[in-house]
RNA sequence: CGGGGUGUAGCGCAGCCCGGUAGCGCGCGUCGUUCGGGACGACGAGGCCGGAGGUUCGAAUCCUCUCACCCCGACCA
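Residue numbers (our numbering): 174 to 662.
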């Protein structure tokens, strides 16, 4: 029992940490606030990347790469943007080390101070828009649809593996358009790409919505978001897509000649998701026995465990099953390790979240069956060898759907419509508070007051919200629609 | 940056109050018995007790100073 996991009910954050550690997803590193993503965790990220990258390309985007360093002066070109990031920037001031005069090691060479400090990118709008100025001259150059996969640094005070780290991996799309309408459509399109990915691949239902002025990206006119609900009833912002208006075009003087031969500023969007998604994936599906990975993102979808040892017949059967599964594009691993015991392996693969486990023993061979265990429900059954690949293909589908449905049901159970502040507070006191749908008078002041009083923030104004006259849950002032509140990560 | 806490073997901890040169569990190695849900036994390897200074015949233990990390707040994907 070396790898026990703290139960969710006992201590949810410890449970999360236990999963990350014991499923070998990531470790804290020697650098404060930065994590080492281990092979198991990185494989999930690679699958996320792979699918998103396909979806970006299907929607006409291409990849490029911009520098890690941003001249300090760039950041101050857009006033709101600097303000949003100034407090969490890592700054490069020197470019050389030297041996310490007293022989105690290396020190920064004081004579190697940079003329202008470089900021390690917290996001790349500024360097990219400075570059786009040279790339865009005419409406014929538009739209410009570029994405980059990169690391960024935000000097966070408090960090949590995957959910908030000082350095993280992400993608950032940066597009330029001829018209306001086209840019808005692009931002919304990418929100929908993210939502589709979250729901169909991560099996993580999300609310599509728009951020309030207070919560939106520094420098954006509108921020579109996808918000997911974790098992502890807190919301996770899983992806954002920003309509940047002409803010960056004006700050970096990016103009184009229109078809009417008029000089105009271009319209911009940016959008991103990060390794935070891995945290969301863990917190959406996993249980007290360990990680649960939806089949469509699982690095290994099926593992075959010989019981008790891989004799020649078992090996033959396993090889045959593997060949059939691989032909269907299913990833499968045959565990031929003879040093570990069967029970240990079972526990280990459950901990690692592999969706389907096949057990093959002498008894099974005699009966022409294999034991099939699914990770999501922990159910086991004997299934005939004949047609096993079709069965597993279908089972993986079922698991994917079941995980999504379970998460959807969970969210429905933990979304509460509230009409007065006492109820509002009462819901937040619950063990699993969840989303709260309530009226809000539309002012930042009220939003901040509610946050101060309850720690809950407005996650978004859902896209599908219906107009409904009502009274603000705090002030009683007139409200035209409900918004979604929650405590957030 | 405020408030609290912790640094002793790879990990989790005990020892500290009442100084005498370090111990437990897990993990790790070898051998044997096991093997259809996290096996058991025997033997074994592994630590300048976060760092510096001080008190003392003697410091993991007492004193001073430092450094690091964690938790709770303010900020954030």
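Glycine included, every Cβ here is placed at the ideal spot set by N, Cα and C.
Since the structure is predicted, the reported quantities are computational estimates derived from the model, not experimental observations.
Would you report the Cα separation of residue i and residue j, rounded to the nearest angstrom?
| i | j | result |
| --- | --- | --- |
| residue 594 | residue 651 | 15 Å |
| residue 174 | residue 589 | Residue confidence is low: residue 174 scores 37 on pLDDT, short of 50, so the model does not pin down where it sits. Its coordinate-derived value is still stated next. Going from the Cα of residue 174 to the Cα of residue 589 covers about 40 Å. |
| residue 592 | residue 525 | 43 Å |
| residue 416 | residue 304 | 19 Å |
| residue 207 | residue 452 | 15 Å |
| residue 274 | residue 285 | 16 Å |
| residue 201 | residue 396 | 32 Å |
| residue 490 | residue 327 | 51 Å |
| residue 341 | residue 205 | 13 Å |
| residue 554 | residue 638 | 44 Å |
| residue 457 | residue 545 | 24 Å |
| residue 196 | residue 351 | 48 Å |
| residue 282 | residue 210 | 32 Å |
| residue 478 | residue 533 | 6 Å |
| residue 186 | residue 580 | 19 Å |
| residue 571 | residue 377 | 15 Å |
| residue 229 | residue 235 | 8 Å |
| residue 256 | residue 437 | 27 Å |
| residue 366 | residue 441 | 18 Å |
| residue 427 | residue 419 | 9 Å |
| residue 253 | residue 188 | 38 Å |
So the candidates are the options; which of them puts its Cα closest to the Cα of residue i?
| i | options | result |
| --- | --- | --- |
| residue 242 | 367, 177, 577 and 296 | 296 |
| residue 582 | 229, 402, 597 and 546 | 402 |
| residue 657 | 626, 444, 610 and 647 | 610 |
| residue 476 | 378, 432, 333 and 548 | 548 |
| residue 312 | 432, 330 and 456 | 432 |
| residue 246 | 495, 299, 226 and 229 | 299 |
| residue 279 | 423, 287 and 269 | 269 |
| residue 320 | 273, 292, 654 and 238 | 238 |
| residue 137 | 468, 535, 601 and 503 | Beyond the ends of the chain as shown, which are 174 and 662, falls residue 137; an answer cannot be given. |
| residue 383 | 426, 434 and 364 | 364 |
| residue 619 | 254, 455, 213 and 386 | 386 |
| residue 596 | 437, 250 and 646 | 646 |
| residue 289 | 578, 198, 353 and 267 | 267 |
| residue 240 | 222, 325 and 179 | 325 |
| residue 406 | 641, 629 and 478 | 629 |
| residue 338 | 529, 373, 283 and 261 | 261 |
| residue 517 | 480, 528, 501 and 538 | 480 |
| residue 381 | 436, 368 and 187 | 368 |
| residue 219 | 616, 661, 472 and 484 | 472 |
| residue 343 | 488, 370 and 323 | 323 |
| residue 315 | 519, 566 and 429 | 429 |
| residue 307 | 255, 418 and 425 | 425 |
| residue 422 | 188, 250 and 244 | 250 |
| residue 530 | 520, 539, 536 and 181 | 520 |
| residue 511 | 436, 536, 498 and 484 | 484 |
| residue 499 | 486, 460 and 565 | 565 |
| residue 265 | 272, 294, 584 and 255 | 294 |
| residue 226 | 607, 345 and 377 | 345 |
| residue 287 | 256, 584 and 244 | 244 |
| residue 607 | 188, 212, 216 and 408 | 408 |
| residue 662 | 366, 291, 400 and 271 | 400 |
| residue 631 | 655, 644 and 640 | 655 |
Below 8 Å on the Cβ atoms is my contact criterion, and I expect residue i with residue j to pass it. Report the Cβ-Cβ distance as a whole number of Å.
| i | j | result |
| --- | --- | --- |
| residue 648 | residue 604 | Actually they are not in contact, since the Cβ atoms of residue 648 and residue 604 sit about 29 Å apart, beyond 8 Å. |
| residue 552 | residue 462 | At roughly 13 Å, the Cβ-Cβ gap does not stay under 8 Å, so residue 552 and residue 462 are not in contact. |
| residue 375 | residue 470 | 6 Å |
| residue 347 | residue 301 | 5 Å |
| residue 569 | residue 503 | 7 Å |
| residue 642 | residue 625 | The pair is not a contact, with the Cβ atoms about 27 Å apart (cut-off 8 Å). |
| residue 199 | residue 223 | About 19 Å separates the two Cβ atoms, so there is no contact after all. |
| residue 318 | residue 392 | That belief does not hold up - the Cβ atoms of residue 318 and residue 392 are roughly 20 Å apart, past 8 Å. |
| residue 528 | residue 474 | 6 Å |
| residue 450 | residue 221 | 6 Å |
| residue 660 | residue 621 | The Cβ separation is near 15 Å, so there is no contact. |
Residue ranges of each beta strand (DSSP E) within the region 602 to 655, 3 or longer: Runs of the beta strand (DSSP E) inside the region 602 to 655: 608 to 612 and 630 to 635.
Extract the residue ranges of the alpha helix (DSSP H) inside the region 482 to 519, only unbroken runs of 4 or more that lie entirely within it. For the region 482 to 519, the continuous alpha helix (DSSP H) assignments of 4+ residues that do not extend past its boundaries occur at 485 to 500, in sequence order.
Suppose only complete runs of 4+ residues qualify. What are the alpha helix (DSSP H) ranges in the region 349 to 413, listed by chain order? Along the region 349 to 413, the alpha helix (DSSP H) occurs as fully enclosed runs of 4 or more residues at 353 to 373, listed in sequence order.
Using a Cβ distance threshold of 8 Å, determine whether the region 442 to 456 contacts the region 396 to 412, with at least three qualifying pairs required. A contact exists between the region 442 to 456 and the region 396 to 412.
At 3 residues or longer, and completely inside the region 231 to 270: list those beta strand (DSSP E) runs for me, N to C. As summarised for the region 231 to 270, the continuous beta strand (DSSP E) elements at least 3 residues long and confined to that stretch are 242 to 244 and 264 to 267, given in chain order.
When the Cβ atoms of the region 323 to 332 are set against those of the region 350 to 359, are three or more pairs found closer than 8 Å? Three or more beta-carbon pairs separated by less than 8 Å are not found between the region 323 to 332 and the region 350 to 359, which leaves the two stretches without contact.
Which runs of the beta strand (DSSP E) at least 3 residues long sit entirely within the region 313 to 346? Give them in chain order. Segments of the beta strand (DSSP E) lying fully in the region 313 to 346: 317 to 326.
Decide yes or no for the touch test of the region 554 to 564 against the region 491 to 503: beta carbon pairs closer than 8 Å, at least 3 of them. Cβ pair count under 8 Å is three or more, so yes.
Go through the region 412 to 455 residue by residue and report every complete run of the beta strand (DSSP E) that reaches 3 residues or more, in order. Entirely contained in the region 412 to 455, the beta strand (DSSP E) runs reaching 3 residues are, in chain order, 428 to 430, 436 to 438 and 440 to 447.
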